[in-house]
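In this note's numbering, the protein residues as written are 841 to 1065. All C-beta atoms, glycine included, are put in the ideal place defined by N, C-alpha and C. As structure tokens, the structure follows; a few thoughts come after it.
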């Protein structure tokens, strides 16, 4: 399936093109929101595509700004910019409320999208959601040396099993991320939420999902470890 493009016009960095793939079907649509530095050809995205095809469910997957086939430089990305990607997909590509399936970083963005577009989100399925990732999983874990280098030079590389060179993390990403933190207050999301998290996850601690479940206002939340 060849990727298509949808254009985000109202951005601080000018028009941006988001790559996407879409399958028709019946019933409530599914939108997969991938992880940090991942794209819509990853294993979860493609496995869901196969499942949706088998079940005849509408399904949309896409690449964030600076990811995969979408335009933009990854290192120009911030939460303020990325938080607009899912709402754009919902507004321009999807009919009716959708079930957002967010993996890791995509779990955090899916939660934000549910706040930004509550009328367009029917439910959330969150897979090891990396909520408040920039603070909890990056800044808090960085050594003093890494923090100093980040503040002086504006960029550090965070080691990852998925990238031998490490993920490029910018000072702008960390500082901007603080405007989007969620776990320090109740999260006014009132829709079904299902959280799935493996207890051997080395990248995102599973107790973060328990903390998230406790913060959600919804009375229909299940956390499966």
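For residue i and residue j, what's the separation of their Cα atoms in angstroms?
i            : j            : result
residue 1002 : residue 1043 : 11 angstroms
residue 876  : residue 889  : 19 angstroms
residue 947  : residue 884  : 13 angstroms
residue 910  : residue 846  : 9 angstroms
residue 942  : residue 1034 : 10 angstroms
residue 991  : residue 980  : 14 angstroms
residue 1005 : residue 1018 : 26 angstroms
residue 1009 : residue 970  : 15 angstroms
residue 1014 : residue 989  : 13 angstroms
residue 1050 : residue 1063 : 7 angstroms
residue 944  : residue 881  : 16 angstroms
residue 878  : residue 843  : 15 angstroms
residue 874  : residue 908  : 11 angstroms
May I ask you to report which of helix, strand or coil DSSP gives residue i?
i            : result
residue 943  : strand
residue 877  : coil
residue 1064 : strand
residue 898  : coil
residue 976  : helix
residue 1005 : strand
residue 959  : helix
residue 890  : helix
residue 984  : helix
residue 1016 : helix
residue 967  : strand
Please report the Cβ distance between residue i and residue j, rounded to the nearest whole angstrom; I am assuming they are in contact, meaning their Cβ atoms lie under 8 angstroms.
i            : j            : result
residue 1021 : residue 1052 : At roughly 12 angstroms, the Cβ-Cβ gap does not stay under 8 angstroms, so residue 1021 and residue 1052 are not in contact.
residue 954  : residue 1031 : 7 angstroms
residue 918  : residue 1012 : 6 angstroms
residue 927  : residue 956  : 5 angstroms
residue 867  : residue 938  : Going by Cβ atoms, the distance from residue 867 to residue 938 rounds to 11 angstroms, so no, they are not a contact pair.
residue 967  : residue 860  : Going by Cβ atoms, the distance from residue 967 to residue 860 rounds to 20 angstroms, so no, they are not a contact pair.
residue 931  : residue 853  : Rounded, the Cβ-Cβ distance is 19 angstroms, inconsistent with contact.
Leaving aside the five residues before and after residue i along the sequence, list all residues of the same chain whose C-beta is less than 6 angstroms from its C-beta, in chain order.
i            : result
residue 1065 : 1037, 1039, 1046
residue 896  : 865, 866
Using a Cβ-Cβ cut-off of 8 angstroms (strictly less than) and excluding sequence neighbours within five positions of residue i, which residues of its own chain qualify?
i           : result
residue 925 : 848, 858, 902, 904, 905, 949
residue 913 : 906
Within the same chain, show all residues whose beta-carbon is closer than 7 angstroms to that of residue i, passing over the 5 residues directly before and after it, in chain order.
i           : result
residue 863 : 889, 892, 893, 898, 899
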